[in-house]
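Structure, as structure tokens:
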Amino acid sequence: MKPYWLLLVFLLNACKDDNKKENSTMAETISVELRFNETFKGFLARSPLQFEQDCLKEADFCSYEFGRSMNEPNLPSIFIEQSGQRLTLKNVVAITTSSNMQASSEIDNFQLTVRGLPDDSSHEENKAFIYAIIETIKSNGWSRLISPTSPRVSGSQAEKIHSADTVHGVYISSHPWFDPDYTLDMERWMKWGSFYSWDFYNNGLYMTLNAWRQKSQTEPQNKGTYLITLELQTDAKYWKKSFETEEQQRDWISLIPELKNKYITIRSRDEKTLRAAGIAIDEDYQDPPIKALEKQ
Numbered sequence: 003m004k005p006y007w008l009l010l011v012f013l014l015n016a017c018k019d020d021n022k023k024e025n026s027t028m029a030e031t032i033s034v035e036l037r038f039n040e041t042f043k044g045f046l047a048r049s050p051l052q053f054e055q056d057c058l059k060e061a062d063f064c065s066y067e068f069g070r071s072m073n074e075p076n077l078p079s080i081f082i083e084q085s086g087q088r089l090t091l092k093n094v095v096a097i098t099t100s101s102n103m104q105a106s107s108e109i110d111n112f113q114l115t116v117r118g119l120p121d122d123s124s125h126e127e128n129k130a131f132i133y134a135i136i137e138t139i140k141s142n143g144w145s146r147l148i149s150p151t152s153p154r155v156s157g158s159q160a161e162k163i164h165s166a167d168t169v170h171g172v173y174i175s176s177h178p179w180f181d182p183d184y185t186l187d188m189e190r191w192m193k194w195g196s197f198y199s200w201d202f203y204n205n206g207l208y209m210t211l212n213a214w215r216q217k218s219q220t221e222p223q224n225k226g227t228y229l230i231t232l233e234l235q236t237d238a239k240y241w242k243k244s245f246e247t248e249e250q251q252r253d254w255i256s257l258i259p260e261l262k263n264k265y266i267t268i269r270s271r272d273e274k275t276l277r278a279a280g281i282a283i284d285e286d287y288q289d290p291p292i293k294a295l296e297k298q
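Residues in the sequence shown are numbered consecutively from 3, following my numbering.
So this is what it looks like as structure tokens:
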């Protein structure tokens, strides 16, 4: 993880200072709306930020990237309009979107990096900062997403679970410690490891909030530096990634029913094991509908 961390930090701090489209000091905060299923051409034309294009013709793949230094005093904000509510995220350091251009000319993903607290802030301060982002996400219409293969265990069961790995022999990919409605205590926060992840959905969009923790060299148990990113994608892109070959991904809609039945079998088996061990299952949770299937 350390080499990856260092690479990310290097890339973010090495962003170009000679951007000609907007002043590097950004005296007035720029706000950018992120829209899904918009053409790349349309997004780039209306964006007040300048994105750099990087294409691999052999793979028919293009990415579009905006980046700034973590140290800039006035970073842009982004907002997403979904289900009649607006989610705004401030101090955005980097924005990336990408596509196989032969497959689609419309945007189905964004990756964001937001500025966190200064290096070597306390773990308590960083935890509070991240949970403030979670509250912002929740208050704007986003709900917890549980992996379709994972048992439906909510944060209400977190106190019964003392392992960051398996629970009574069952691997829970959507761990109840990371239910957005549950707040980890510091003991579990430090016990988990260096990578944290919360998943959300909202009317056909999926979001993952990630945080990477790098401990302080001088006070590793008390302080650290956290890199905070968000991944956003349409439900179509999320489900397509369940299939390995290009042919399967093209035909993903017809393959989904069989795949979902497979996932239901796995979930039912694991939930039965957990019930027997005294872990309550969140029967109220239902997997979000897949928008593309509703059109069939």
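Glycine residues also receive a C-beta, built at the ideal position from the N, C-alpha and C atoms. The structure presented is a predicted model; accordingly, all values stated were derived computationally and were not measured.
- If you check the CB distance, residue 133 and residue 168 do not come in under 8 Å.
- Within the segment 48-135, complete beta strand (DSSP E) segments of at least 3 residues are found at 54-58, 63-69, 79-84, 87-91, 94-102, 111-116, given in chain order.
- About 4 Å separates the beta carbon of residue 149 from that of residue 175, a gap short enough to meet the 8 Å contact definition.
- Going by DSSP, residue 272 is part of the alpha helix (DSSP H) stretching over 254-278.
- Residue 225 sits in a strand when the DSSP states are folded into three classes.
- Per the Cβ contact rule, the segment 225-236 is in contact with the segment 103-120 (3 or more Cβ pairs under 8 Å).
- By the CB criterion at 8 Å, residue 81 and residue 145 fall outside the cutoff.
- Residue 273 counts as buried, since no fewer than 16 other beta carbons sit within 10 angstroms of its beta carbon.
- In this structure, the alpha-carbon of residue 258 lies about 30 Å from that of residue 278.
- Residue 168 is bridged by DSSP to 173.
- Residue pairing by DSSP leaves residue 39 without any beta bridge partner.
- Judged by DSSP secondary structure, residue 240 falls within the alpha helix (DSSP H) whose first and last residues are 237-242.
- Judged by beta-carbon spacing, residue 193 lies within the 8 Å limit of residue 166, meaning their Cβ atoms are closer than that value.
- Counting along the chain, no alpha helix (DSSP H) covers residue 297, and no H or E run does either.
- Per DSSP, the unbroken alpha helix (DSSP H) holding residue 194 starts and ends at 188-194.
- Between the segment 55-66 and the segment 206-218 there are fewer than three C-beta pairs closer than 8 Å, too few to call the two in contact.
- DSSP lists no bridge partner for residue 148.
- In this structure residue 159 is buried. Its beta-carbon is surrounded by 16 or more other beta-carbon atoms within 10 angstroms.
- Here residue 98 is buried, its C-beta having at least 16 other C-beta atoms within 10 Å.
- Comparing alpha carbon positions, the residue from 94, 216, 157 closest to residue 283 is 157.
- Residue 110 sits away from residue 243, with the two beta carbons spaced by 8 Å or more.
- In the structure shown, residue 216 falls within a strand segment according to DSSP collapsed to helix, strand and coil.
- Bounds of the beta strand (DSSP E) holding residue 204 are 197-204.
- Sequence-distant partners of residue 38 (beyond 5 residues in either direction) whose C-beta falls short of 7 Å from its own C-beta, in its chain, are 109, 110, 207, 236.
- In the three-state reduction of the DSSP assignment, residue 283 falls in the coil class, being assigned neither a helical nor a strand state.
- Out of 260, 85, 247, the CA that lies nearest to the CA of residue 205 is found in 85.
- For residue 33, DSSP records a beta bridge to 79.
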